[in-house]
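For the numbering used here, add 138 to where a residue sits in the sequence shown, where the first one is 1.
Yeah, the Cβ is synthetic: ideal placement off N, Cα and C, and Gly gets one too.
Values in this document were obtained by computation on a predicted structure and should not be read as measured data.
Input: a single structure, listed below in structure tokens.
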Amino acid sequence: MDTLTVRERSRRMSLVKAKDTGPEMAVRRLVYSLGYRYRLHAGDLPGKRDIVFRSRKKAIFVHGCFWHRHEECRLARLPKSKLDFWLPKLSGNR
């Protein structure tokens, strides 16, 4: 059972970032420091690539444990509420 009200849970979930997350920013800093230049979140390509190297025809996805359900990861647990929403959404990310 969730210890937060529906309103509080909604507020907290709305604060979860889809772009510019900590891991994504760390990868971007590393790639940039190595001299590579890139584009972010290219909308004309299928999927949601985080970093795109157009001239090299390469892309990097920075996968989060929650969203991509990494096996044996403690952060890959299912939410306790609205499973009818979360199960299809998360299974599509694997």
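- Buried or exposed: residue 181, going by 16 or more other Cβ atoms within 10 Å of its Cβ? Here residue 181 is taken as the residue at index 43 of the sequence shown, counted from 1. Exposed: under 16 other Cβ atoms inside 10 Å.
- Item | Supposed contact pair residue 147 and residue 219 - C-beta distance, whole angstroms, cut 8 Å | To locate residue 219, count along the sequence shown from 1; it is residue 81. To locate residue 147, count along the sequence shown from 1; it is residue 9. Indeed they touch by this definition, with Cβ atoms about 7 Å apart.
- Item | Terminal residues of the beta strand (DSSP E) in which residue 190 lies | Counting from 1 along the sequence shown, the entry for residue 190 is found at position 52. That run of the beta strand (DSSP E) goes 189 to 191.
- Message: So, with DSSP's three-state summary, where would you put residue 177?
- Response: Your numbering for residue 177 matches position 39 in the sequence shown. In the structure shown, residue 177 adopts extended strand secondary structure according to DSSP, grouped into three states.
- Message: Using CA atoms only, rank isn't needed, just tell me which of 167, 178, 202 and 173 is closest to residue 214.
- Response: One-based indexing of the sequence shown puts residue 214 at position 76. Of the candidates 167, 178, 202 and 173, the one whose C-alpha sits nearest the C-alpha of residue 214 is 202.
- Taking residue 186 as the reference, give the member of 209, 193 and 162 with the closest Cα. Stepping through the sequence shown from its first residue, residue 186 is reached at position 48. The residue from 209, 193 and 162 with its alpha-carbon nearest to that of residue 186 is 162.
- Message: Tell me the DSSP secondary structure of residue 214 in three-state form.
- Response: In the sequence shown, residue 214 corresponds to position 76, counting from 1. Note: residue 214 maps to coil in three-state DSSP.
- Message: Which of the three DSSP states is assigned to residue 197 in this structure?
- Response: For the purposes of this step, residue 197 is identified with residue 59 of the sequence shown, where counting begins at 1. Strand, per DSSP.
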